[in-house]
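Visitor: The structure follows.
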Amino acid sequence: MIGLSKKLMLIDGNSIAYRAFFALPLLNNDKGIHTNAIYGFTTMLMKLLDEEKPTHLMVAFDAGKTTFRHKTFEDYKGGRQKTPPELSEQFPFIRDLLDAHNIKYYELDQYEADDIIGTLSTQAEKDGFETVVISGDKDLTQLASEKIRVDITKKGITDLEKYTPSHIEEKYGLTPDQIIDMKGLMGDSSDNIPGVPGVGEKTAIKLLKQFGTLENVLNSIDEVSGKKLKEKLEENKQLAEMSKKLATITRTAPVTVKLDELEKQEVNYDKLTKLYKELGFNSLLDKLDGEEEEIELKDIEWEEVTDFKDGDLPSHAELYVELYDVNYHTADILGISVHADKKTYFISPENAAKSEVFKKWIEDENVTKSVYDAKESIVAFDRLGMHLKGIDFDLLIASYVIDASEAADDFASIAKRHGADAVPTDESVYGKGAKKKVPEKNELMQHTARKAATIHAIKETCISALEKNEQLELFEKLELPLAAVLAEMERTGVQVDIDRLKDMGVELKKKLEEIQSDIYRIAGEEFNINSPKQLGVILFENLKLPVLKKTKTGYSTSADILEKLKPEHEIIEHILLFRQLGKLQSTYIEGLLKVIHDDSNKIHTRYNQVLTQTGRLSSTDPNLQNIPIRLEEGRKIRQAFVPSEKEWVMFAADYSQIELRVLAHISDDEGLKEAFHKGMDVHTKTAMDVFGVAKENVTSGMRRHAKAVNFGIVYGISDYGLSQSLDITRKEAADFIKKYLDSYPKVKEYMDDIIHEAKQKGYVETLLHRRRYIPEITSRNFNLRGFAERTAMNTPIQGTAADIIKKAMIEMAERLKAENLQTRMLLQVHDELIFECPKDEIEKLEQIVPEVMESAVELSVPLKVDYSYGSTWYDAK
DNA sequence: TAGGGCACGC
DNA sequence: GACGTACGTGCCCTAG
Numbered sequence: 000m001i002g003l004s005k006k007l008m009l010i011d012g013n014s015i016a017y018r019a020f021f022a023l024p025l026l027n028n029d030k031g032i033h034t035n036a037i038y039g040f041t042t043m044l045m046k047l048l049d050e051e052k053p054t055h056l057m058v059a060f061d062a063g064k065t066t067f068r069h070k071t072f073e074d075y076k077g078g079r080q081k082t083p084p085e086l087s088e089q090f091p092f093i094r095d096l097l098d099a100h101n102i103k104y105y106e107l108d109q110y111e112a113d114d115i116i117g118t119l120s121t122q123a124e125k126d127g128f129e130t131v132v133i134s135g136d137k138d139l140t141q142l143a144s145e146k147i148r149v150d151i152t153k154k155g156i157t158d159l160e161k162y163t164p165s166h167i168e169e170k171y172g173l174t175p176d177q178i179i180d181m182k183g184l185m186g187d188s189s190d191n192i193p194g195v196p197g198v199g200e201k202t203a204i205k206l207l208k209q210f211g212t213l214e215n216v217l218n219s220i221d222e223v224s225g226k227k228l229k230e231k232l233e234e235n236k237q238l239a240e241m242s243k244k245l246a247t248i249t250r251t252a253p254v255t256v257k258l259d260e261l262e263k264q265e266v267n268y269d270k271l272t273k274l275y276k277e278l279g280f281n282s283l284l285d286k287l288d289g290e291e292e293e294i295e296l297k298d299i300e301w302e303e304v305t306d307f308k309d310g311d312l313p314s315h316a317e318l319y320v321e322l323y324d325v326n327y328h329t330a331d332i333l334g335i336s337v338h339a340d341k342k343t344y345f346i347s348p349e350n351a352a353k354s355e356v357f358k359k360w361i362e363d364e365n366v367t368k369s370v371y372d373a374k375e376s377i378v379a380f381d382r383l384g385m386h387l388k389g390i391d392f393d394l395l396i397a398s399y400v401i402d403a404s405e406a407a408d409d410f411a412s413i414a415k416r417h418g419a420d421a422v423p424t425d426e427s428v429y430g431k432g433a434k435k436k437v438p439e440k441n442e443l444m445q446h447t448a449r450k451a452a453t454i455h456a457i458k459e460t461c462i463s464a465l466e467k468n469e470q471l472e473l474f475e476k477l478e479l480p481l482a483a484v485l486a487e488m489e490r491t492g493v494q495v496d497i498d499r500l501k502d503m504g505v506e507l508k509k510k511l512e513e514i515q516s517d518i519y520r521i522a523g524e525e526f527n528i529n530s531p532k533q534l535g536v537i538l539f540e541n542l543k544l545p546v547l548k549k550t551k552t553g554y555s556t557s558a559d560i561l562e563k564l565k566p567e568h569e570i571i572e573h574i575l576l577f578r579q580l581g582k583l584q585s586t587y588i589e590g591l592l593k594v595i596h597d598d599s600n601k602i603h604t605r606y607n608q609v610l611t612q613t614g615r616l617s618s619t620d621p622n623l624q625n626i627p628i629r630l631e632e633g634r635k636i637r638q639a640f641v642p643s644e645k646e647w648v649m650f651a652a653d654y655s656q657i658e659l660r661v662l663a664h665i666s667d668d669e670g671l672k673e674a675f676h677k678g679m680d681v682h683t684k685t686a687m688d689v690f691g692v693a694k695e696n697v698t699s700g701m702r703r704h705a706k707a708v709n710f711g712i713v714y715g716i717s718d719y720g721l722s723q724s725l726d727i728t729r730k731e732a733a734d735f736i737k738k739y740l741d742s743y744p745k746v747k748e749y750m751d752d753i754i755h756e757a758k759q760k761g762y763v764e765t766l767l768h769r770r771r772y773i774p775e776i777t778s779r780n781f782n783l784r785g786f787a788e789r790t791a792m793n794t795p796i797q798g799t800a801a802d803i804i805k806k807a808m809i810e811m812a813e814r815l816k817a818e819n820l821q822t823r824m825l826l827q828v829h830d831e832l833i834f835e836c837p838k839d840e841i842e843k844l845e846q847i848v849p850e851v852m853e854s855a856v857e858l859s860v861p862l863k864v865d866y867s868y869g870s871t872w873y874d875a876k
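528 is the number that numbering that gives the first Met the number 0 gives to position 529 of the first sequence; each next residue is one higher, with no gaps.
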């Protein structure tokens, strides 16, 4: 191995983690894990890799509590503060971080990280390596040599002092070996190494300059100047010798790792991305994206066509539509690619729209097409005047069904996940933010063509994964057909009464101005009420209201806190009202007006079918799943949602307590099932069972509590969450939950079983085999595990409910068609479907909507659907 | 431009 | 014993 220079970096893991922990404020992520040491460790690692560019590296950790040094001196490292739990919980993540970087780490029973480093650096020196040691512990400087540099953290974590023999000479006038002698004489308080009492750094250095080694000093005490010093040395000979021994880093520890095993590996970007996301390291995520672009791209072959001839297009192909924006209802369509047999075509949207052959092919149900994002594709082709039919595969949905936890950011990440050749990210092709632009035509065609070819390349892998997980039916019979149903709902859109919305806006504006001036008058000054920071100053500093809760950045001014402060000051209720009406104005009046298509006065939301971990849909631009209903003022917003045809009505149908019915079914609990078999009010029934009273003795308070517990069960909240929603103590909340589970023993059994199952299998499943992986269920971290357990209990309930309504939607769409009805399905709000229909179809809907929805699946308890209709969404209540 | 705080729905 | 605790979307504010 001559010629190539090999550079080894050895990092003292514990020491650097400690440094990072104490150098940075106690950051935590959204899951309540502290991350400062992990973050500091990460940034330091990045910097070191960048600056030093080691060819080999390893991180050494201390093993356990006792080391061989304790045999020499029982009290070694005695009196040292215990590792704070906030730090120790971070160590597993540091190991994950190293795993993601494919960096080896090592620990050795009975030895400290120092000894591992000492042993390996000595070996490395013999093998011709240049070595850099990174630590926060100056002891390590004894290892310095011509080939070994020891970098010790100075201030913070990234400022390093580089110890070479000449630097040590300059600083102390000693050789690296003499550092050990120095420690023997002066001791080290942090490791509880005693040394010679009364001898500090200055004296130690003086003695060593005169005599060379500790042994020489002790053998020549007569020659030492100073009577006191002589006495001290004489009395503490043994102590000094022992101290030197303790301070000596061993170079011969039984390290089993070989140097060639430490060669630097490629970073596992997938793992690293996942970890950074989990930890909330967003700034580092951005950097990663930049690095990943360096992957090598193989150009693919494609042919641009202006039209197709009969016979060009086979009975199966991969198809991709490239758009300029995420909103496919409005985005520019940039191009279409078709991967047919061994050829990949590109056609511009203008030419595609003109081609009769292409249109016929797109609309042919017997021609199967594999796509990425069926819903987007259907809508895009719709806009080109073609009805895309015959979709047999969707890479995006398949990927979601296989594992929803892998975020579906863009095509590139999904392709990579399934082992395809690299696809550039859309961001790298188009740029982002203000710099975003369409690339030159060849690059656009290449990019678009590549996607169609990629779908072809990995389709079978995905199908196999689905088959293996028994999810092919969920994919083919539920999610794929649902995409078409959703596409149609989105395309149909919902009509908005703009004038009504604007009128409400004018009225709100007037009210808001009144409230605002009231608040300014009471406060005695003007300020921005929407700024929690400024509001906090007014409430808690000027008005001196009690501070009940603080946030990361200041005083909490959230509604639940303000609610408690209501009796303290008249300003509070005005602020609450200002917030409530302000929300209506900005999000619902102004927000909705912004997204109305002005040619039709309709709103076209987008349902995200591949986002939630439970299988629910989400809705954006606008979000039509959070239109107000609870408070009357907000509920009036729904008056602006109207039928798109004269003399039609809005028809709304919702499942009654679908999640609790699912729970009754899954758990098979008699008590719970009874409520549904007898058609009782489930919250009243729960109150009866939990409080052990007869129906007529259930008070409204009892029912409220029971309802909150049921809510908690459905959403998987903790005792803490329950205590917050009922404003009771955590203990009381925990008692309620216990009583609930005592009342419904088979629910308890289900909860225990599902947690056990999740631990065994690593995932939980819904009725229709939707999976959610829950790796945190085995976490040592109390927090993460608690989360995971509630997720395990809740996902089969909420996910099954999501499965059921999705199935109902598909069947509803089929039924409307089969019955030749004009009725249109418009919206889905988790357990509710909203239609618009001609008045003469109301009667028919009253029959078929509940029928279809209630029979979507058969459970051991009946499903129940309530419905109503009216001239606006508001009136369909 | 990103993140925090807040509020809406289920 | 820890230490924070359904999810998702979108608004406004603030700090960089």
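Note that beta-carbon positions come from the ideal geometry of N, C-alpha and C, so glycine has one too.
Note that the structure is predicted; figures quoted are calculated from it, not measured.
(1) Considering only residues of the same chain and omitting the five flanking positions on each side of residue 852, which have a CB-CB separation below 8 Å?
(2) Count the other CB atoms within 10 Å of the CB of residue 368; is the residue buried (16 or more) or exposed (fewer)?
(3) Can you tell me whether residue 693 is buried or exposed? The criterion is at least 16 other CB atoms within 10 Å of its CB, across all chains shown.
(4) Please say whether residue 373 and residue 346 have beta carbons closer to each other than 8 Å?
(5) Considering only residues of the segment 188-227, which uninterrupted alpha helix (DSSP H) runs meet the minimum length of 4 residues and lie entirely inside it, listed in chain order?
(6) Using a Cβ distance threshold of 8 Å, determine whether the segment 634-641 contacts the segment 490-505, with at least three qualifying pairs required.
(7) Does DSSP classify residue 515 as helix, strand or coil?
(8) Of the residues 58, 776 and 140, which one's Cα is nearest the Cα of residue 101?
(9) If you scan the segment 555-640 from start to end, which runs of the alpha helix (DSSP H) of 4 or more residues do you find wholly inside it?
(10) On the DSSP letters alone, give me the boundaries of the beta strand (DSSP E) that residue 315 sits inside.
(11) Could you work out which residue in 842, 268, 20 and 742 is closest to residue 412 when comparing CA atoms only?
(12) Taking a contact to mean a Cβ-Cβ separation below 8 Å, would you say residue 13 touches residue 60 in this structure?
(13) Per DSSP, which one or two residues make a beta bridge with residue 345?
(14) Please report the residue range of the beta strand (DSSP E) in which residue 875 lies.
(15) Classify residue 121 as helix, strand or coil using the three-state DSSP reduction.
(16) What's the C-alpha gap between residue 550 and residue 557?
(17) Using alpha carbons as the reference points, say which of 524, 371, 169 and 595 lies closest to residue 204.
(18) Over what stretch of residues does the alpha helix (DSSP H) that includes residue 412 continue unbroken?
(19) Expressed to the nearest angstrom, what Euclidean distance is found between the alpha-carbon atoms of residue 829 and residue 494?
(20) So residue 351 and residue 335 are in contact, right, with Cβ under 8 Å, and what is the actual spacing, rounded?
(21) Taking 8 Å as the cut-off, does the segment 457-465 touch the segment 483-490 (at least 3 CB pairs, one atom from each stretch)?
(22) Roughly how many whole angstroms lie between the Cα atoms of residue 349 and residue 605?
(23) Taking 6 Å as the limit between beta carbons, can you name the residues of its chain near residue 837, skipping five residues before and five after?
(24) From the DSSP output, which residues share a beta bridge with residue 461?
(25) Enumerate, from N- to C-terminal direction, the unbroken beta strand (DSSP E) stretches of 3 or more residues contained entirely within the segment 45-83.
(26) Identify, in the order they occur along the chain, each residue of the same chain with its Cβ nearer than 7 Å to the Cβ of residue 435, setting aside the five sequence neighbours on each side.
(27) Go ahead and pull the three-state DSSP assignment for residue 649.
(28) Considering only the beta carbon of each residue, do residue 220 and residue 232 sit closer than 8 Å?
(29) By Cβ distance, which residues of its chain are closer than 6 Å to residue 453, with the 5 residues on each side in sequence left out?
(30) Which residues bound the beta strand (DSSP E) around residue 790?
(31) At what residues does the beta strand (DSSP E) containing residue 824 begin and finish?
(32) For a test of the three-state rule: what should DSSP assign to residue 834, helix, strand or coil?
(33) Assess contact between the segment 244-261 and the segment 35-45, defined as three or more Cβ pairs (one per stretch) separated by less than 8 Å. Is contact present?
(34) Under the three-state reduction of DSSP, which class applies to residue 526: helix, strand or coil?
(35) List the residues that DSSP assigns as beta-bridge partners of residue 129.
(36) Taking the alpha helix (DSSP H) that residue 15 belongs to, which residues open and close that run?
Guide: This is what the structure holds:
(1) Excluding sequence neighbours, residue 852 sits near 652, 654, 804, 807, 811, 832, 862 and 864.
(2) With 16 or more other Cβ atoms within 10 Å, it is buried.
(3) Exposed: under 16 other Cβ atoms inside 10 Å.
(4) Taking 8 Å as the Cβ cut-off, residue 346 and residue 373 do not qualify as a contacting pair.
(5) The qualifying runs are 200-210 and 213-218.
(6) The count of Cβ pairs closer than 8 Å, one atom from the segment 634-641 and one from the segment 490-505, reaches three, so the stretches are in contact.
(7) In this structure, residue 515 counts as helix in the three-state DSSP scheme.
(8) Checked all of 58, 776 and 140; the closest Cα to residue 101 is 58.
(9) Qualifying alpha helix (DSSP H) stretches, in chain order: 558-564, 570-582, 590-594 and 631-634.
(10) Here the beta strand (DSSP E) through residue 315 covers 315-322.
(11) It is 268 whose Cα lies nearest to the Cα of residue 412.
(12) In this structure, residue 13 lies near residue 60, with their beta-carbon atoms less than 8 Å apart.
(13) In DSSP, residue 345 forms a bridge with 303 and 336.
(14) From DSSP, residue 875 is part of no beta strand (DSSP E); its letter is neither H nor E.
(15) In the structure shown, residue 121 sits in a helix (DSSP, three-state: H, G or I).
(16) So the two alpha carbons sit approximately 10 Å from each other.
(17) Residue 169 holds the alpha-carbon nearest to the alpha-carbon of residue 204 among 524, 371, 169 and 595.
(18) Residue range 410-416 is occupied by the alpha helix (DSSP H) that includes residue 412.
(19) So the alpha carbons of these two residues sit roughly 21 Å apart.
(20) Between residue 351 and residue 335, the beta carbon gap of about 5 Å places them in contact (Cβ cut-off 8 Å).
(21) No, the segment 483-490 is not in contact with the segment 457-465.
(22) Taking the Cα positions, residue 349 is about 25 Å away from residue 605.
(23) Closer than 6 Å at Cβ, skipping near neighbours: 647 and 821.
(24) Beta-bridge pairing links residue 461 to no other residue.
(25) Counting only runs of 3 or more, we get 55-60.
(26) The beta carbon of residue 435 sits closer than 7 Å to the beta carbons of 429 from its chain, once the five residues preceding and following it are set aside; these are given in chain order.
(27) Residue 649: strand per DSSP, three-state reduction.
(28) Note that the C-beta distance between residue 220 and residue 232 is below 8 Å.
(29) Correct list, in chain order: 414, 419 and 422.
(30) It is not in any beta strand (DSSP E) - residue 790 instead sits in the alpha helix (DSSP H) that spans 781-817.
(31) Where residue 824 is concerned, the enclosing beta strand (DSSP E) stretches over 823-827.
(32) Collapsing the DSSP output to three states places residue 834 in a strand.
(33) Taking a cut-off of 8 Å for Cβ pairs, the segment 244-261 and the segment 35-45 do not touch, as fewer than three such pairs fall below it.
(34) Secondary structure of residue 526 (DSSP, three-state): coil.
(35) Paired residues: 6.
(36) Unbroken alpha helix (DSSP H) run through residue 15: 12-22.
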